[in-house]
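>
Numbering (the UniProt record's numbering), first residue to last: 1 to 562.
#1: For residue 433, report the span of its beta strand (DSSP E) as first-last.
#2: Report, in whole angstroms, the separation of the C-beta atoms of residue 239 and residue 181, which I expect to be a contact under 8 Å.
#3: Nearest by alpha-carbon distance to residue 263: which of 537, 80, 296 and 248 is it?
#4: Using the three-state DSSP reduction, which class does residue 112 fall into: helix, strand or coil?
#5: Express the C-alpha separation of residue 236 and residue 332 in angstroms, rounding to a whole number.
#6: Taking residue 451 as the reference, give the member of 225, 84 and 154 with the closest Cα.
#7: Does residue 203 pass the burial test, meaning 16 or more other C-beta atoms within 10 Å, or should it be called exposed?
#8: Pick out whichever of 175, 406, 58 and 412 has its Cα sitting closest to the Cα of residue 483.
#9: Given that a residue counts as buried once 16 or more other Cβ atoms are within 10 Å of its Cβ, and exposed if not, what is residue 428?
#10: Nearest-angstrom Cα distance between residue 1 and residue 307?
#11: I need the DSSP call for residue 548, collapsed to helix, strand or coil.
#12: With a CB to CB cut of under 7 Å and the five nearest residues on each side skipped, what residues in its chain are close to residue 140?
#13: Go through its chain and collect everything with a Cβ distance to residue 407's Cβ below 8 Å, but skip five positions before and after it.
#14: Decide yes or no for the touch test of the region 541-557 against the region 216-227: beta carbon pairs closer than 8 Å, at least 3 of them.
#15: Suppose you measure from the CA of residue 135 to the CA of residue 38; what does that come to, to the nearest Å?
#16: From the beta carbon of residue 322, is the nearest beta carbon of chain C less than 8 Å away?
#17: Closer than 7 Å by C-beta to residue 177: which residues in its own chain qualify, once you throw out the five before and the five after it? Chain order, please.
#18: Tell me, which residues are paired with residue 527 by DSSP?
#19: Taking residue 114 and residue 55 to be in contact with their CB atoms under 8 Å, please state how far apart those CB atoms are, rounded to whole angstroms.
#20: Quick check on residue 361: buried or exposed, where buried means 16 or more other Cβ atoms within 10 Å of its Cβ?
#21: With a 10 Å radius around its C-beta and 16 neighbouring C-beta atoms as the bar for buried, classify residue 277 as buried or exposed.
#22: Just tell me which of 472, 447, 541 and 60 has its CA closest to the CA of residue 564.
#23: Residues in the same chain with beta-carbon distance under 8 Å from residue 79, minus the five sequence neighbours each way, listed in chain order, please.
#24: Comparing C-alpha positions only, which one of 523, 322, 368 and 310 sits nearest to residue 347?
#25: Given residue 337, which residues of its chain have a CB within under 7 Å of its CB, disregarding the five upstream and five downstream residues?
#26: Starting from the C-beta of residue 256, find all residues in its chain whose C-beta is less than 6 Å away, skip the five residues before and the five after it, and write them out in chain order.
#27: Quick one: what's got a C-beta closer than 6 Å to residue 144's C-beta in the same chain, skipping five residues either side?
#28: Taking the beta carbon of residue 477 as the centre, do at least 16 other beta carbons fall within 10 Å, making it buried, or is it exposed?
#29: Taking residue 74 and residue 110 to be in contact with their CB atoms under 8 Å, please state how far apart those CB atoms are, rounded to whole angstroms.
#30: Can residue 108 and residue 275 be called in contact, C-beta distance under 8 Å?
#31: Just to confirm, is the Cβ distance from residue 420 to residue 349 under 8 Å?
#32: Within its chain, find whatever has a CB closer than 7 Å to the CB of residue 187; leave out the 5 residues flanking it on each side and keep chain order.
#33: Work out the CA separation of residue 249 and residue 228 for me, nearest whole Å.
#34: Would you mind stating whether residue 151 and residue 544 have Cβ atoms separated by less than 8 Å?
#35: Could you give the uninterrupted runs of the alpha helix (DSSP H) lying entirely in the region 324-410, keeping only those of 4 residues or more?
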């Protein structure tokens, strides 16, 4: 199927040839003028059809429920989508628009979007017809540049093959062997943070504004949570995923860490390129001579080189029969299901997705525990009672972590309330149906965990409240706590569901629990900016993951006794 822009170009060239041939003219300048005139006319006609006539009078989806607020004749609901964080407009619509599981809305230039919610509609998209819905081409191109063409980007039969070969590496019987690795890297991070905080507290290496506030606080400094979290999770995925310690915790200027910060940092250029991708082919966007593209290409080149070196090292170990490591890469190599280039792509996926998402979860966990100090105190008491101090050279296993009900409840609630990836986009690759409604090929389908995870229809009247106790059984007969009290498995969309669900969910949850336990066990956190007690005051950046746009600054106090 030709894109509309290519159709205009080809048909304009054809009409130009016919007109100039009919009039017996071969002048280049005249041909260019005719082509431009025809292209403009066709573009105008196509624009009127696409923006006004089709969505309002001819689309088979026009009768579906849709929001009434902010509906521009030209840009649909784009204004509210642009102004609010990813998934937040959908939170509003899921409450206000009566629907059976599908809400139609219009994006920029009135492009149709289908917001899918409710267990039946989600089951059709994610399970029963999941391969009818792929990532849009421009999103695949962007993700492929950063993540490689690994299991997160691959589609169809290729995705099935990659996932099948990776499943043993992410089986819980293997993940449980990685808990000691998570704990050791987390311990190293806590020790480095402790040294940094105590040094800053002693030297008053802080801003003038913070100095007065810290005057009466012992063993306390201001830290930016996301920076420390990213460095810790990058080291964890390095060791547990591929057997390489990147030493980001001790070296904040580590090249890999710096490259990822550049790529995931929101920017005006990134926003402009995203807008251009609505009507320009992905290969054009990718090759525009702008700084954003240069940054991505430079980062991808270095990251891919590191991953390729790691594959070579592991294969040499295997050849010498010295490969006894338990990291993900070693298990994948021993499976024999991947070529060298496949392995490089998988490593790029693990590196980026594996550390950025958990770092986002850590950031929001510290934020919510700072807003609710009584929850923080309760969690610290549980951790200190059952787990060894970060100063003790002692590993922790999966049973010790899994037996802490409040730790796991807090982790589950953070992932529900602030899903690291707030919105997922799919596009129909063939004519299909959802709940009996015919859905044409090429329609964008929106799956926003940030909205579905807070749906009162599935979570009850307190869906919009941060409440870890929803995950703790009230008594021995209470089975609802396993799902947080939700009425359906599809109410919890943080890791999606079905064949395209997050293959690394067990890895991520284990890593998150180990890190959070050590951070809360050692430090007491308090918001630096008191205005941020109001969630609406925290500006959330756009992009793949949801994180505070200006960072998350807190007072971190080293608490004695653990």
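Here a beta-carbon is modelled for each residue, glycine too, at the ideal position from N, C-alpha and C.
On the basis of the coordinates in this document:
#1: 432-434
#2: 6 Å
#3: 296
#4: strand
#5: 18 Å
#6: 84
#7: exposed
#8: 412
#9: buried
#10: No answer about residue 1 holds up, because its pLDDT of 43 lies below 50 and its placement is not dependable.
#11: strand
#12: 153
#13: 379, 382, 383, 401, 513, 516 and 517
#14: yes
#15: 33 Å
#16: Reference to chain C is not applicable here, since this structure consists of a single protein chain.
#17: 326
#18: 554
#19: In fact, because the Cβ distance is near 13 Å, the residues do not count as touching under 8 Å.
#20: buried
#21: buried
#22: With the chain represented from 1 up to 562, any question about residue 564 goes unanswered, as that position is not in the structure.
#23: 70 and 72
#24: 310
#25: 165
#26: 246
#27: 153
#28: exposed
#29: 7 Å
#30: yes
#31: no
#32: 390 and 518
#33: 7 Å
#34: no
#35: 328-335, 340-371, 373-386 and 398-402
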